[in-house]
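Here the sequence shown is numbered in my numbering, starting from 360 and rising by one per residue. Reviewing the structure listed below.
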Amino acid sequence: KTDLQIALGASIDRASHLESVNDETYRQRINRGHTVSTTDRVSFWISKNFMSMVLLVIFLYAGLPFIAPILMKTGQTGPAKVIYAIYSPLCHQLGFRSWFLFGEQLFYPRKLAGIAGVKSFEEQTGISSDEIFKARSYLGDEITGYKVALCERDTAIYIAMFLFGLVFVLTGKRIKALPWIFWLTIGLIPIGVDGFSQLPSLASAMPSWLPIRESTPLLRVITGGLFGLTTAWFLFPLLEESMKETRTLLSTKMSIAKQLASSEGKNK
């Protein structure tokens, strides 16, 4: 208690001294605390609309890849290839792990996946699944359909994130953050196991004892959807809590600035 009293006393004495000598830096700091700046207003607006902005970004990011096959179908290959090029560093875009629109099938899995009743990627395109670069650059045709610029798993991730964000906003942002242990066990581990266990199947030569497998579109959608859902459930409430703190701080400052401005007006 004594230390606190000494510290407060010293602070008050310093403030009184700075006021008496009309210190410019001190005056600027006081004025900033009493004035609502453009930065404050922008920060307040962002804190109020942050989740809507996040949802818009996810919607555009996940939606643009579906524009590419539409453009290909309508003969606008130039703009379509620009979209494919933009997403190329962000996704593997392998034809046998992607969705196709306007074709005979919605997907063309590798033979290794063992899905009955559908044409395999190798059968449909004549491209061996070992030819990774050809499978990556293949965009489709009138019969096969045209490839979406994001793979099956990534599409599921961002759709799940968007849907949770939509529910989060519509329920008044009152959903509590998912405990990290559930994000790890339900979201991260399944997608990690399903994704990394496929890697040996892409290599040209692997030891005979190593299991070779290829996931299915259904498994990719399930694991991707779980990862997207749990990631959004873990992050969005935490981000909203941070934005709420910012709103509280700035709204308090705005209220004080308004009161001070009103008092100064009355004094004049």
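Virtual Cβ for every residue (Gly too), placed ideally from N, Cα, C. Remember, predicted model here, so these are calculated numbers, not experimental data.
Look at the alpha carbon of residue i and the alpha carbon of residue j, and state the distance between them as a whole number of angstroms.
i, j, result
"Leu423", "Leu414", "14 angstroms"
"Val580", "Ile548", "15 angstroms"
"Gly462", "Thr436", "17 angstroms"
"Arg452", "Leu585", "Contrary to the premise, residue 452 reads as Gln rather than Arg in this sequence. Approximately 21 angstroms, taken between the alpha carbons."
"Phe459", "Val395", "52 angstroms"
"Val401", "Thr605", "12 angstroms"
"Thr433", "Ile491", "27 angstroms"
"Ile365", "Leu608", "28 angstroms"
"Pro428", "Thr611", "50 angstroms"
"Ser406", "Thr530", "18 angstroms"
"Met431", "Ser614", "55 angstroms"
"Gly305", "Val416", "Residue numbering for the chain in the displayed model covers 360 to 627; residue 305 lies beyond these limits and cannot be assessed."
"Leu465", "Ala616", "59 angstroms"
"Phe541", "Val552", "16 angstroms"
"Leu525", "Pro570", "40 angstroms"
"Ser411", "Pro448", "27 angstroms"
"Ser487", "Val528", "45 angstroms"
"Tyr497", "Lys506", "8 angstroms"
"Gly454", "Leu588", "25 angstroms"
"Ser457", "Ile474", "15 angstroms"
So who's on the other strand from residue i, going by DSSP bridges?
i, result
"Leu460", "Tyr505"
For residue i, tell me which candidate among the options has the shortest Cα-Cα distance.
i, options, result
"Lys470", "Lys612, Leu594, Leu561, Leu363", "Leu561"
"Cys510", "Pro468, Met431, Ala536", "Pro468"
"Gly546", "Asp362, Met520, Ile371, Ile534", "Met520"
"Phe425", "Ser574, Tyr443, Glu599", "Tyr443"
"Gly554", "Glu573, Ala536, Pro596", "Glu573"
"Lys493", "Phe480, Gln618, Pro448, Leu449", "Phe480"
"Asp500", "Thr514, Ile445, Thr484", "Thr484"
"Thr575", "Val477, Arg533, Leu537, Thr590", "Val477"
"Ile502", "Glu482, Ile516, Pro538, Arg495", "Glu482"
"Asp489", "Pro559, Leu578, Phe418", "Pro559"
"Ala591", "Ser556, Thr544, Ile518", "Ile518"
"Lys532", "Phe593, Thr514, Arg495, Ile516", "Phe593"
Does DSSP classify residue i as helix, strand or coil?
i, result
"Thr397", "helix"
"Lys360", "coil"
Legend entry - Complete runs of the alpha helix (DSSP H) confined to the region 416-502 [at least 4 residues]: Runs found: 436-446, 480-484, 491-496.
Legend entry - Ordered list of alpha helix (DSSP H) runs contained in the region 506-585, each at least 4 residues: As far as the region 506-585 is concerned, its whole alpha helix (DSSP H) runs of at least 4 residues are 511-529, 548-555.
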